[in-house]
Structures are given as structure tokens and as C-alpha cells.
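Take a look at the structure set out below.
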Amino acid sequence: MKKIEDEIKFDHNGDGIDRRGFLKCMAWAGTGTLCVMKGGVMKSFSLSRLGELDPAAAAGELSFVQISDSHMGFNKPANPDVIGTLKAAIEKINALPGNPEFLLHTGDITHLSKPEEFDNVQQILRGAKVKESFYVPGEHDVAIDEGKEFLERYGKGTKGAGWHSFDKNGVHFVGLVNVVNLKAGGLGTLGHEQLEWLEDDLKAKKSSTPIVVFAHIPLWSVYPEWGWGTEDAAQALSYLKKFGSVTVLNGHIHQTMQKVEGNITFHTAASTAFPQPAPGKADSPGPMKVPAEQLRSVLGVTSVNFVRGQKALAVVDSNLA
Amino acid sequence: MKIALRILGTSIFLVGGFGQLAGLRARTHAAPLPQQMAHEMTSEVKIDNFSFSPATLQIKAGTKVTWTNADDIPHTVVSDDKIFKSKALDTDEKFSFTFDKPGTYPYFCSLHPKMTAKVVVQ
Numbered sequence: 182m183k184k185i186e187d188e189i190k191f192d193h194n195g196d197g198i199d200r201r202g203f204l205k206c207m208a209w210a211g212t213g214t215l216c217v218m219k220g221g222v223m224k225s226f227s228l229s230r231l232g233e234l235d236p237a238a239a240a241g242e243l244s245f246v247q248i249s250d251s252h253m254g255f256n257k258p259a260n261p262d263v264i265g266t267l268k269a270a271i272e273k274i275n276a277l278p279g280n281p282e283f284l285l286h287t288g289d290i291t292h293l294s295k296p297e298e299f300d301n302v303q304q305i306l307r308g309a310k311v312k313e314s315f316y317v318p319g320e321h322d323v324a325i326d327e328g329k330e331f332l333e334r335y336g337k338g339t340k341g342a343g344w345h346s347f348d349k350n351g352v353h354f355v356g357l358v359n360v361v362n363l364k365a366g367g368l369g370t371l372g373h374e375q376l377e378w379l380e381d382d383l384k385a386k387k388s389s390t391p392i393v394v395f396a397h398i399p400l401w402s403v404y405p406e407w408g409w410g411t412e413d414a415a416q417a418l419s420y421l422k423k424f425g426s427v428t429v430l431n432g433h434i435h436q437t438m439q440k441v442e443g444n445i446t447f448h449t450a451a452s453t454a455f456p457q458p459a460p461g462k463a464d465s466p467g468p469m470k471v472p473a474e475q476l477r478s479v480l481g482v483t484s485v486n487f488v489r490g491q492k493a494l495a496v497v498d499s500n501l502a
Numbered sequence: 002m003k004i005a006l007r008i009l010g011t012s013i014f015l016v017g018g019f020g021q022l023a024g025l026r027a028r029t030h031a032a033p034l035p036q037q038m039a040h041e042m043t044s045e046v047k048i049d050n051f052s053f054s055p056a057t058l059q060i061k062a063g064t065k066v067t068w069t070n071a072d073d074i075p076h077t078v079v080s081d082d083k084i085f086k087s088k089a090l091d092t093d094e095k096f097s098f099t100f101d102k103p104g105t106y107p108y109f110c111s112l113h114p115k116m117t118a119k120v121v122v123q
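Top to bottom, those sequences are chains A and B.
Heads up: the first sequence begins at 182 in my numbering, then just goes up one per residue.
Heads up: the second sequence begins at 2 in my numbering, then just goes up one per residue.
Here's what the structure looks like:
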């Protein structure tokens, strides 16, 4: 059995999640993340812990939400109702104090890139009380047509396979695509063309500009054995070194994790559809099945009950049922 | 149409010896027999737990290989050299390709590129 590091030292975002919590209690579930930019530094709050959210702490220059991996069209035992759980996630967003500015979807919007799957997501997300939504594709969104359907819907104003950048309240956002032209035996890939574009895009930005990068597959090596990493991420991250505050938001692994490396904070979001096992804790990264009667009560619950130092974090039950 | 069926029937009759072998195979659920007529040669690859099995498939030229996805997650079967390429296979969906020329054919899942395997054709 592979030995994996089972804890991180930080819970600096105060959302009560770290590796140890995960591996101990499989607290993989969640519906989304509220991100608040304050003084140029991003804080994130799990929507599953909404009840504990201090409105003052969640106030800032800019707030937005991240959801991920809705896998519309998935109908296997791990979650036969991905429509229902996505709707529940939207309800959580709409219950937030103060409307988030916009929504980021970090890919695997659909399960099989089918037009009707995209339609379903679009219809459900129309119910979210946000002004705008931004998307990057996951590998499931480019599975049958190399991303044609995705680009027709979300590609306006983007380059290549859908990469793009925009500015909001002084924060520079960059959406990257690392799920196309994957090579045998490899990980996620950004590719030469996109890296050149990124270097150019960031060149004009002052080092004091807070940067948020979002992409589907993690840009840090979570678990390369399962393909949970990006081949040429180091190149991309080198362009981000000059900035004082960089946040990287990813999906793909269907569980929340955080890591801090120098000026960069990495986050992965939970899925709104089904959980996947912690790295190396199963034979493969396939969907984790829980008994049907438990599914709704576990999706959306962040049952983090770990103890770090003297500080015990409370268990919060906030389910989708 | 009837004539065509009759001819087909005759040809099956003529290879009766193999028909018996095929019958044996059906009863025992054994793996495909190595010594089969060209038009009967088939082989299977199972996609399960994010891997192809067998990881190396040895076949004779002319064999039709069928991949079946047993995972809850879609996978693809894509030749490294772009010789064959399946669509995204959902659970229980199949993809077949007939290998006419000897050689080694490495392939992978383009959605989960850590999944690699090869077909060796003699």
C-alpha cells in the first residue's frame, strides 16, 4: 500500500477542512464554495457550513461561488439524481447572505457532453441568484466531440479550447483548459499555445493584482497515479510567481482539499454529483457508492470532526434532503 | 436472400469441426480458442476499475477485438498512433476493431490517459 501524507498543517481559510479530516471521515461531500476577496486575499467557505458562516467574516470586496463536477447525465447507483443534487447546491447558493457576484463552474458540467445534458445544467443554473457564470470544461465535457458543444455554449470570447481571462473588482481571473489533447500515460495538459497565451495575459498585470486561476484538473500533483495533476502546470505556475496573491481553484477529484505553496493557495471543490475516494484509498478513482437512503443526507454534508491541536471543530449537518 | 443464407449454412457445415469446438466453448465459457478460422477470430478486452485487461493482448492477424466498458465512468479506446479511436463508451458499451496487420498497437483512454495498454498482433 502506498504511503500518503495524511495531513496538512493549514486550515488558514477557516473552512474546517484539511487532509486529515478527509482521510479520517471521508468528508468528501459538499455543494460548493463561497469565495470572498478581502484586502486582495481570498478566503473560502464551504457552503455545507453555511449555518456557521459569520456574515462579517464573509464580507469583502468581492464574493463568488464555485461549483464543480455536476456530471449531468450520470445515473449510476452512486447518485441516480444528479439533477436533484445540483438543484440543492443552487438553493445553498441562493441562501447565502448577500448575493455572490458570479459563479464559476470548474468543469465536468456534463457526464457525456450531450446537448440535453448541457441544456439541463443551463436550465438549473438559471435559478442561481448570480449575475454571471463562467465555465471551463472537464474531460467529460469534451468526450464526444473534442469540445465543440461546450464551445458553442460557453466559448464566446474565449481562445483555443475555451481558455479566457477577465477582471472583477481589481481581481484578475484566468480560466484554463487542461483536458484536451491528453497524451497516453500522461496527466492533464495545458499545451504550448495556452501557456504562451497565459504568459502574455499575465505580463501586463501588476504584481499587486490578486490572481484567481481556475481549471478542471488540479494544477498541483494531488495523486499522479490516478492522473490527478497537470503535466505542464509548473510552467504555468512560474508565470504566477511574481504575484503576491494567487488562488488556484480546481475540481475533478470530487473532494475538497487545500494546499499552500509559497504565494499560491490551491483548492479543489467537491462534486455536486457523487464522491470519489481519497487518493490511494481505493483500487481506482471511480464513484463511491453509499446506500441510497443515505445519499441525500451525505451529499452536501461536510462532516469534519477532526481534532487538530487543541481545537476541535464542530460537526455541521447541512444536507440536501 | 434465402440462397445466401443457405450458402452461409453450408459453409458453417463445412467447418463442422470448428463448430464442435465452438460448442465446447459455449458450454465451458472458456477463453477464445487460439486456433480458430480467420472469420471467427475474436478477442475481448474488459475495461474495469480504470484499467484495461489484459493490459497486453496477444492475437493473430485478422482478429476482431472488442472492448467492453464495465466502469460507471465513460472511457475511450484510442490508439497512440491514431489507427483506431472509439467514441466515449458509457457503461456496458462496446467498441470493436479488427487487426489485420502484425505489429504492436499501444492505446490509451483519452479521458484518463493514465490508462494504457497494448495489442500485440502476430
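Cβ coordinates follow ideal geometry from the N, Cα and C atoms, glycine included.
Mind checking residue i: buried by the 16 CB within 10 Å criterion, or exposed?
{"i": "Glu330(A)", "result": "buried"}
{"i": "Thr291(A)", "result": "buried"}
{"i": "Pro472(A)", "result": "exposed"}
{"i": "Phe347(A)", "result": "exposed"}
{"i": "His113(B)", "result": "buried"}
{"i": "Thr57(B)", "result": "exposed"}
{"i": "Gly202(A)", "result": "Annotation note: pLDDT 33 at Gly202(A) (below 50); position unreliable, coordinate value reported separately. Answer is buried; the Cβ neighbour count reaches 16."}
{"i": "Gly366(A)", "result": "exposed"}
{"i": "Val122(B)", "result": "buried"}
{"i": "Val352(A)", "result": "buried"}
{"i": "Thr441(A)", "result": "As written in the sequence, residue 441(A) is Val, which differs from the Thr given in the question. Burial call: exposed."}
{"i": "Lys422(A)", "result": "exposed"}
{"i": "Tyr108(B)", "result": "buried"}
{"i": "Thr99(B)", "result": "exposed"}
Determine the extent of the beta strand (DSSP E) in which residue i is found, giving its start and end residues.
{"i": "Lys257(A)", "result": "It is not in any beta strand (DSSP E) - Lys257(A) carries neither H nor E in the DSSP assignment."}
{"i": "Leu284(A)", "result": "283-286"}
{"i": "Met98(B)", "result": "Looking at the sequence provided, one finds Phe at residue 98(B) rather than Met. Note, Phe98(B): beta strand (DSSP E), 95-100."}
{"i": "Ser314(A)", "result": "313-316"}
{"i": "Val66(B)", "result": "64-70"}
{"i": "Ile60(B)", "result": "57-60"}
{"i": "Phe53(B)", "result": "52-54"}
What are the boundary residues of the alpha helix (DSSP H) that residue i is part of?
{"i": "Gln304(A)", "result": "296-306"}
{"i": "Gln416(A)", "result": "414-419"}
{"i": "Lys329(A)", "result": "329-335"}
Which one or two residues does DSSP pair with residue i in a beta bridge?
{"i": "Pro107(B)", "result": "Lys119(B)"}
{"i": "Leu90(B)", "result": "His76(B)"}
{"i": "Gln439(A)", "result": "His448(A)"}
{"i": "Val46(B)", "result": "Trp68(B)"}
{"i": "Val157(A)", "result": "Missing from the structure shown is residue 157(A); chain A here goes from 182 to 502 and no further."}
{"i": "His292(A)", "result": "BP columns for His292(A) are empty, so no partner."}
{"i": "Lys268(A)", "result": "Lys268(A) pairs with nothing; no bridge assigned."}
Are the Cβ atoms of residue i and residue j separated by less than 8 Å?
{"i": "Gln439(A)", "j": "Phe447(A)", "result": "yes"}
{"i": "Asn350(A)", "j": "Leu243(A)", "result": "yes"}
{"i": "Lys88(B)", "j": "Thr67(B)", "result": "no"}
{"i": "Pro460(A)", "j": "Trp409(A)", "result": "yes"}
{"i": "Lys312(A)", "j": "Glu282(A)", "result": "yes"}
{"i": "Gly343(A)", "j": "Val317(A)", "result": "yes"}
{"i": "Ile175(A)", "j": "Val427(A)", "result": "Shown here, chain A extends from 182 to 502; a query on residue 175(A) therefore has no answer."}
{"i": "Pro75(B)", "j": "Leu90(B)", "result": "yes"}
{"i": "Met253(A)", "j": "Glu320(A)", "result": "no"}
{"i": "Leu368(A)", "j": "Ala324(A)", "result": "no"}
{"i": "Asn431(A)", "j": "Thr449(A)", "result": "yes"}
Quick one: which unbroken beta strand (DSSP E) runs of 3-plus residues sit fully inside the segment 348-427 of chain A? Chain order, please.
-> The segment 348-427 of chain A is shown to contain whole beta strand (DSSP E) runs of 3 or more residues at 352-356, 392-395, in chain order.
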